Every structure is written in C-alpha cells, then in structure tokens.
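Line by line, the protein sequences are chains A and B.
Numbered by this note's numbering, the letters in the first sequence go through residues 12 to 209 in order.
Numbered by this note's numbering, the letters in the second sequence go through residues 3 to 214 in order.
Okay, so here's the structure we're looking at.
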Amino acid sequence: MPFRQSHGPQVVQANGRYLMSMTEILQRIAEGADVEAFRKLFEAYAPRVKTYMMRQGADANTAEELAQETLLTVWRKAALYSGEKGSATTWIFTIARNLRIDKLRREMAWVALPDGYDQEVSHDANPDEALAEQERRTRIQQALAELPPDQHEVVVLSYVDGLSHGEIADRLRLPLGTVKSRMRLAYSKIRDDVEDLK
Amino acid sequence: MAITHHPAPESLMSCSAGSMPEAFAAVMASHIAMCPGCRKQLSVMEQIGAVLLEAMTPTAIACEAEVTSMRDLQERDELQPRSDGDVPAPLVRTLGTSLDRVPWKRAGRGIWQHRIALSHEGSSTLRLIKVAAGLSLPEHGHRGSELTLVLRGAFRDTRARYATGDVADVDEDIEHGPIADAEQGCICLVATDGKLRFKGRMARILQPLTGF
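Given below as structure tokens:
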C-alpha cells in the first residue's frame, strides 16, 4: 500500500506551521467556544476521519456520522485539551480511535485520551514544548516514509485498518512473530529518530 | 513503586492504534495508568496515528456540522475516575476502588478468580486471579498469547520476579512456571486469547471445575 507523501493541499506544511495553527485553533475553541475556529478544524479533519472510519469497514453514511461525532467530541471536550499534552491532530486521532472502538467494534475503549490519565490539566501551553512537538511530528513523518515497505505495511494495517497482530498475520499469511518483530523494528526506527527531543 | 517489566513495544503500539483485542487493551490500559514511562512512549506512538490520519485521502462530507448553539455542550469533567487503592483507574468503573471487595470465586486450592465481562464473549478473556503465598499460578499450556499485570504482591517464574505494576508479556509456546510470592501471594489481571478455551476434551471437562 503506497504511503502518500503529499499531505493534501493545506494540512501540515513541511515546516509544521499549519499544525501549530490547528493547535491554536483548538485552544481558541477551548477558551471561547469559537464557532468559526471549529468550522476550520472540521473542514480540515472530518473528511479524513471519514476515510479512517471507512477503512475499518464502516459504510459511507456511518463513517460520515462517526466523523461528525468525532469532531463534535473535539468541540465538547475542548476544555480538557491542553497544548502541552500533544498536538491537535494527536488529540483528534485518539478521539477517532476510541469512537471507532466504541461505535464500530462495540467494545470498551480502555485506553484513555491523552489527558485522561492526568487529573490536573493545565491550559498554558509551554512554547518550547509546542516546538518540540512540531519537530517530533516532522521526524515521525520522515521516519514513516523511510520505513522498509514490509514494516510500513504492518504499521498501516494496525493504525489505519485497525487489525490486531493476529489479524495482520492472517491477512499477510505470516507467522505472528514476524508481524510483531516488524512492528518492533518500525517503532525502534521511529523512536531513534525522536529520542533526542525530550 | 519501581516497575521493571513493561509490555513489549509492539503491544504498546497496537494499543495506541486501537487495534488490540479488548481483554489485552484492558490490561495495557491498566499498566499505562500505573506507568509514566509507558505513558510517554504511548504518546509518541499516538503521534504515529496522527501522522497517518493526516496523510489520509479526504472523503467528501455531505453536510457540515451544526455548531451554532453548542456552547452548552462543552464538558469539563470527563476524566477517568481517580484510583486511591490498588485498582488501576481504568478498572475502577468495573471493580470499584478496592481489590478486597471483589466477589472472588474459588477456583482451586489457594486460587480465586473473578471474570470481568467484556463486550463480546469469546474473542479474548479478562480475569482477576488471586493466588495464595507460595502456590503455582494456573498454567494452561496454551498456544495463544497471555498478558499478565501484577496488581498486588508478586510472582516469579523461570526468568524473573514480577511485582506490583509489572507486566509479563508472554508469547505463545513459552512455559514460564509462575509461582506466587512466598510471603504476599499475588493478585493479577490476566488477558488470554479466546482461542485457548475449550482446547481439548480434558480441558472441556476440567474447565467448569477450575474455571480455566
């Protein structure tokens, strides 16, 4: 499955400036229930979340409803979001991930959203932290693009298609251990590339 | 508490991707709630998902969200319940705050268990196991995966000692011979692959008796 290097016309420029503005947009929503800011966020992400839902077997209508619900959850929970804890996209990804588990698989989403484990939520994003965050994202993008195809494939099947290790092994007709070691290798490459950014 | 045994990185990845069988995700979430180091790794892994989400081809959305009168919908208090005892935060809703109030069922001499109901029966199984000091933890000689998190006390196997917060991420075909700590015994949260149930005729006969 080819990895798309292009990230659409506007989302995430190479310098990460757009990502920064998305994080700012989310903070504006959190602070003042800014409807115009929300519209921008919706236009950038809902069509991608719809694709994400369809990749795990949702029909177009269900996927659209879930994409809307994801973004509405972003709106409702905006007050819990803090720029310190990760980028806007990571926050949206985790919300979409948990909704997919909850609504498509009808299971409990056990892993909390990034802020869910911390009782004290700070809204003062530290600028250094935000910069490190952008840099980390750019490097993860590069590391993903540079993965050997067999490692990239299992990462996409896991994150995008929502397959467990066992299901990936069945799909690719590989031993379970091979799937696990490819995942492990992919992560160690990505981790090595971001490790100096603490 | 010093946690020394962590889940395998590929398990943490699958968890961050939202693609783990439910029982395993529950054990992972419980460990993550106890382990700042794994939380940090998880956040890097979640960014992999974010990057892949951004790289997706957009699919046209017919109608736009109606957001004009939604100010009232904003929430402020959806954090996980706090855990004051030895029940990890993700399990508090299901178990309450104390392991002493779990409705244990005896499953053999010195062994008690409590099955935690999941959304679907049969795909994977989640249970609490309490083993008295010095006794062997039940083993089933299975071919599936098993993920064990120590919630109280400790156990040791042929390779290491696992104390509170530690995870034993056991692959198929490994016989590890776990034995509960000689003084404290142990209480563990265990996820097993659904496939290992009803393995053979003997197991089918024994299962109702032992619960394993």
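The C-beta atom is built at its ideal place from N, Cα and C for all residues, glycine as well.
Note that the coordinates shown come from a computational prediction; the quantities given were computed from them, not determined experimentally.
If you follow the beta strand (DSSP E) that residue i is in, where does it begin and where does it stop?
i, result
"H116 (chain B)", "113 to 118"
"C37 (chain B)", "Taken as a continuous stretch (DSSP letters only), C37 (chain B) belongs to no beta strand (DSSP E), as it is neither H nor E."
"K114 (chain A)", "Unbroken run through K114 (chain A): none, as it is neither H nor E."
"R163 (chain B)", "163 to 165"
"A193 (chain B)", "188 to 195"
"L153 (chain B)", "148 to 158"
"A109 (chain B)", "107 to 110"
Please name the residue in the options whose C-alpha comes closest to that of residue i.
i, options, result
"G51 (chain B)", "A:L208, A:I201, A:E206, A:G177", "A:I201"
"L128 (chain B)", "B:P180, B:E56, B:V192", "B:V192"
"P38 (chain B)", "B:K132, B:G112, B:L139, B:H8", "B:H8"
"L224 (chain B)", "A:D207, A:M194, A:D203, A:D70", "Shown here, chain B extends from 3 to 214; a query on residue 224 (chain B) therefore has no answer."
"I151 (chain A)", "B:V46, B:V29, B:A28, B:S16", "B:V46"
"S175 (chain A)", "A:E206, A:R116, A:D45", "A:R116"
"G155 (chain B)", "B:A162, B:A134, B:S147, B:C17", "B:A134"
"Y164 (chain B)", "B:S147, B:I189, B:G146, B:S100", "B:I189"
"A143 (chain A)", "A:E47, A:L196, A:E206, A:A74", "A:E206"
"A162 (chain B)", "B:A182, B:A62, B:M58", "B:A182"
"G177 (chain A)", "B:D195, B:A91, B:R103, B:A64", "B:D195"
"V122 (chain A)", "B:E123, B:Q49, B:E24, B:A4", "B:E24"
"A107 (chain A)", "A:N72, A:T149, A:T62, A:Q145", "A:T62"
"F53 (chain A)", "A:A69, A:M64, A:W86, A:A74", "A:W86"
"A109 (chain B)", "B:L139, B:C17, B:D88, B:P92", "B:L139"
"H163 (chain A)", "A:T149, A:P125, A:A197", "A:A197"
"L83 (chain A)", "A:R148, A:S199, A:V60, A:R184", "A:V60"
"P58 (chain A)", "A:G188, A:Q79, A:P186", "A:Q79"
"F26 (chain B)", "B:R103, B:L97, B:P92", "B:P92"
For a contact meaning CB atoms closer than 9 Å, what does residue i contact in chain B?
i, result
"V167 (chain A)", "L54"
"V205 (chain A)", "V46, Q49"
"R117 (chain A)", "S121, H122"
"R59 (chain A)", "L55, E56, A57, M58, T59, P60, T61"
Applying a beta-carbon distance threshold of less than 9 Å, which residues of chain A neighbour residue i?
i, result
"P11 (chain B)", "M194, R195, Y198, S199, R202"
"I223 (chain B)", "No information on residue 223 (chain B) is available, as it lies outside the stretch 3 to 214 that chain B covers here."
"I5 (chain B)", "The premise fails here: I5 (chain B) is roughly 15 Å from chain A at the closest Cβ pair, so nothing lies under 9 Å."
If the cut is a Cβ gap below 8 Å, which residues of chain B does residue i touch?
i, result
"P125 (chain A)", "S45, E48"
Note down, in chain order, every chain A residue with its Cβ under 8 Å from the Cβ of residue i.
i, result
"A193 (chain B)", "The contacting residues do not exist; A193 (chain B) stays about 11 Å from chain A at best."
"G187 (chain B)", "Ordered by position in chain A, no residue passes the 8 Å Cβ test against G187 (chain B), which lies about 26 Å from the chain."
"A31 (chain B)", "W121, V122, A123"
Starting from residue i, trace the alpha helix (DSSP H) both ways and give me its first and last residue.
i, result
"S18 (chain B)", "11 to 19"
"L130 (chain B)", "Not the alpha helix (DSSP H): L130 (chain B) falls in the beta strand (DSSP E), residues 126 to 133."
"V169 (chain B)", "Counting along the chain, V169 (chain B) falls outside any alpha helix (DSSP H), though it belongs to the beta strand (DSSP E) covering 169 to 172."
"K200 (chain A)", "187 to 205"
"E76 (chain A)", "71 to 87"
"I179 (chain A)", "176 to 183"
"E123 (chain B)", "No alpha helix (DSSP H) contains E123 (chain B), which DSSP labels as neither H nor E."
"S169 (chain A)", "160 to 170"
"E47 (chain A)", "46 to 66"
"P92 (chain B)", "91 to 97"
In chain A, what lies closer than 7 Å to residue i by C-beta?
i, result
"A27 (chain B)", "W121, V122"
Quick one: list the residues of chain B neighbouring residue i, beta-carbon separation under 7 Å, in chain order.
i, result
"E75 (chain A)", "I63, A64"
"A78 (chain A)", "I63"
Taking Cβ-Cβ distances shorter than 7 Å, what residues in chain E pair up with residue i?
i, result
"T62 (chain A)", "Going by chain labels, chain E is absent from the structure shown, which instead holds the protein chains A and B."
- prompt: Counting pairs of Cβ atoms below 8 Å between the region 33 to 45 of chain B and the region 156 to 172 of chain B, do you hit three or more?
  reply: yes
message: Any C-beta of chain B within less than 9 Å: which residues of the region 169 to 193 of chain A qualify?
response: S169, Y170, V171, D172, G173, L174, S175, H176, G177, E178, I179, L187, G188, V190, K191, S192, R193
task: Could you run through the region 114 to 137 of chain B and flag, in chain order, every residue whose CB is less than 8 Å away from some CB of chain A?
output: Answer set for the region 114 to 137 of chain B: L120, S121, H122.
message: Between the region 144 to 156 of chain B and the region 112 to 123 of chain B, can you find at least three pairs of beta-carbon atoms closer than 8 Å?
response: no
task: Compile a chain-ordered list of the residues in the region 145 to 162 of chain B whose CB is closer than 7 Å to at least one CB of chain A.
output: Within the region 145 to 162 of chain B, no residue has a Cβ lying closer than 7 Å to any Cβ of chain A.
- request: Select from the region 12 to 23 of chain B all residues with a C-beta closer than 9 Å to any C-beta belonging to chain A, and list them in chain order.
  value: E12, S13, L14, M15, S16, C17, S18, A19, G20, S21, M22, P23
- prompt: What residues in the region 86 to 99 of chain B have a beta carbon less than 8 Å from any beta carbon of chain A?
  reply: Flagged, chain order: A91, P92.
message: Which residues of the region 146 to 158 of chain A have a Cβ closer than 8 Å to any Cβ of chain B? Give them in chain order.
response: Here the close residues are R147, R148, I151, Q152, L155.
query: Which residues, taken in chain order from the region 100 to 113 of chain A, show a beta carbon closer than 9 Å to some beta carbon of chain B?
result: T100, T101, W102, I103, F104, T105, A107, R108, N109, R111, I112
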